[in-house]
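Only one structure is covered here, and it is reproduced in the block below.
Residue numbers (this note's numbering): 105 to 397.
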C-alpha cells in the first residue's frame, strides 16, 4: 500500500490558501499512486499555538473551531477525497462540540464520508489554560493496514501507543506539534514508541509562515521498529532543499510475526499494573480512615 506523507508550509490564518495547497498536493499524491494521503497538523488555519499569545490563541479557538463533520473544513476534505479517490488522514484541527473544543484528527474515505476522528488525549497546561478538552478514546482506521493516531503530547505517554497496539494497530501516524524547532527528545520518544510496540511510525511535521517569513519547522520522520529513523524530511533544516511542498511516498513492510503474543503480554502487564494501582489506592484509603478521629 502506498501512503503519501505531505510535508509542507502553511500560512497562519490563510485558510483558503492552505486548503487550495492541500487540494493540489493531494492530486500530486494520487498521481504518484498513493491510496492514503496524510495531511499535517492545522493544515487549514496554520499551527498557531506556538506563535501567538495565549489571548490571541484563545480568540482563534473561539472564532475558528468547527464542527466535524458539519464544518467547512470537513466538507472540503470530503470533496478532495472524492475527487481523488483516496483516503485522507489529517493532523489535529480545531473542533467545536457543544461548549467544548478539541484538537481533532479526521479520517475521510474515498466515498466522501468522515469515517472517524481522534481527539488528542494528553493535554499540557497551556492547552488546559486555553480551554481545550481532552479526548477519551483511541481510534484505529482499518484498511489493508490498521492506522492508529497519536497527537502532540500523546507521544510522551507509552500508554497511548500501547492502547493502539491492543486495538490491533499495525502502523501509527503521529503528529508532533509544529513549533520553532523540534525538541530532540521527541525523536527519541517516537523511536521508543516504534520499538516497544513493534510498529512503524509515520510522524508528520511541517512548517509555518506568517507575512512570508518562516516562523518554524518540524521535520517529518519515517521510523521502522528494527532500523530506527529511515528518513527525515525537512524543507529548510538539515538536508532541506528549500522546496516548500514535499509529497513523500511510504511503502510499509510487514512487521515480524509474533504480534499476537506481544499483545497478550502487554494485556497481562497492563492488568498487573491496574491491580497494583487498585490495591495501593485501597491501602491508602484505609490508612486515611484510620487517621481520622
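Note that the Cβ used here is the ideal one computed from N, Cα and C, for glycine as well.
Reduced DSSP secondary structure (H/G/I, E/B, other) of residue i
{"i": "residue 172", "result": "coil"}
{"i": "residue 328", "result": "strand"}
{"i": "residue 361", "result": "Caution applies to residue 361, whose pLDDT of 45 falls short of 50 and renders its modelled position unreliable; the value that the coordinates give is listed next. Three-state DSSP puts residue 361 in coil, outside helix and strand."}
{"i": "residue 285", "result": "coil"}
{"i": "residue 295", "result": "helix"}
{"i": "residue 231", "result": "helix"}
{"i": "residue 335", "result": "strand"}
{"i": "residue 348", "result": "coil"}
{"i": "residue 379", "result": "helix"}
{"i": "residue 121", "result": "helix"}
{"i": "residue 268", "result": "helix"}
{"i": "residue 307", "result": "strand"}
{"i": "residue 181", "result": "helix"}
{"i": "residue 130", "result": "helix"}
{"i": "residue 389", "result": "helix"}
{"i": "residue 159", "result": "helix"}
{"i": "residue 321", "result": "strand"}
{"i": "residue 250", "result": "strand"}
{"i": "residue 109", "result": "strand"}
{"i": "residue 101", "result": "With the chain covering 105 to 397 only, the question about residue 101 has no answer from this structure."}
{"i": "residue 166", "result": "helix"}
{"i": "residue 136", "result": "coil"}
{"i": "residue 116", "result": "coil"}
With 16 other Cβ atoms within 10 Å as the buried cut-off, status of residue i
{"i": "residue 159", "result": "exposed"}
{"i": "residue 324", "result": "buried"}
{"i": "residue 242", "result": "buried"}
{"i": "residue 129", "result": "buried"}
{"i": "residue 169", "result": "buried"}
{"i": "residue 248", "result": "exposed"}
{"i": "residue 144", "result": "buried"}
{"i": "residue 338", "result": "buried"}
{"i": "residue 193", "result": "buried"}
{"i": "residue 319", "result": "buried"}
{"i": "residue 136", "result": "exposed"}
{"i": "residue 142", "result": "buried"}
{"i": "residue 392", "result": "exposed"}
{"i": "residue 288", "result": "exposed"}
{"i": "residue 334", "result": "exposed"}
{"i": "residue 385", "result": "exposed"}
{"i": "residue 382", "result": "exposed"}
{"i": "residue 346", "result": "exposed"}
{"i": "residue 246", "result": "exposed"}
{"i": "residue 176", "result": "exposed"}
{"i": "residue 387", "result": "exposed"}
Neighbourhood of residue i by C-beta distance below 7 Å, restricted to the same chain and skipping five residues each side
{"i": "residue 204", "result": "237"}
{"i": "residue 200", "result": "169, 170 and 171"}
{"i": "residue 354", "result": "107, 109, 306 and 326"}
{"i": "residue 125", "result": "112"}
{"i": "residue 300", "result": "262"}
{"i": "residue 450", "result": "This structure cannot settle anything about residue 450, because the visible part of the chain is limited to 105 through 397."}
{"i": "residue 188", "result": "130, 131 and 134"}
{"i": "residue 361", "result": "Confidence is the limiting factor: at residue 361 the pLDDT is only 45, short of 50, which leaves the residue's position unreliable, though a coordinate-based value still follows. Within the same chain, residue 361 has no close Cβ partners at all."}
Cβ neighbours of residue i in the same chain (closer than 6 Å, five flanking residues each side left out)
{"i": "residue 252", "result": "244, 268, 273 and 276"}
{"i": "residue 132", "result": "351"}
{"i": "residue 223", "result": "206, 208 and 239"}
{"i": "residue 258", "result": "225, 226 and 264"}
{"i": "residue 313", "result": "113 and 115"}
Top-ranked residue by Cα proximity to residue i, from the options
{"i": "residue 233", "options": "395, 335, 165 and 178", "result": "165"}
{"i": "residue 121", "options": "162, 316 and 156", "result": "316"}
{"i": "residue 322", "options": "212, 290 and 332", "result": "290"}
{"i": "residue 198", "options": "162, 293, 187 and 246", "result": "162"}
{"i": "residue 184", "options": "295, 215, 235 and 333", "result": "215"}
{"i": "residue 118", "options": "173, 180, 149 and 331", "result": "149"}
{"i": "residue 181", "options": "139, 218, 330 and 140", "result": "218"}
{"i": "residue 212", "options": "195, 388 and 340", "result": "195"}
{"i": "residue 147", "options": "281, 271, 228 and 270", "result": "281"}
{"i": "residue 286", "options": "304, 296 and 309", "result": "309"}
Neighbourhood of residue i by C-beta, 8 Å cutoff - its chain only, sequence neighbours within 5 removed
{"i": "residue 230", "result": "153 and 158"}
{"i": "residue 186", "result": "214, 215 and 216"}
Report the residue ranges of all beta strand (DSSP E) runs contained in full by the stretch 184-234; include only those spanning at least 3 residues, in chain order. 191-194, 197-201, 204-212 and 218-223
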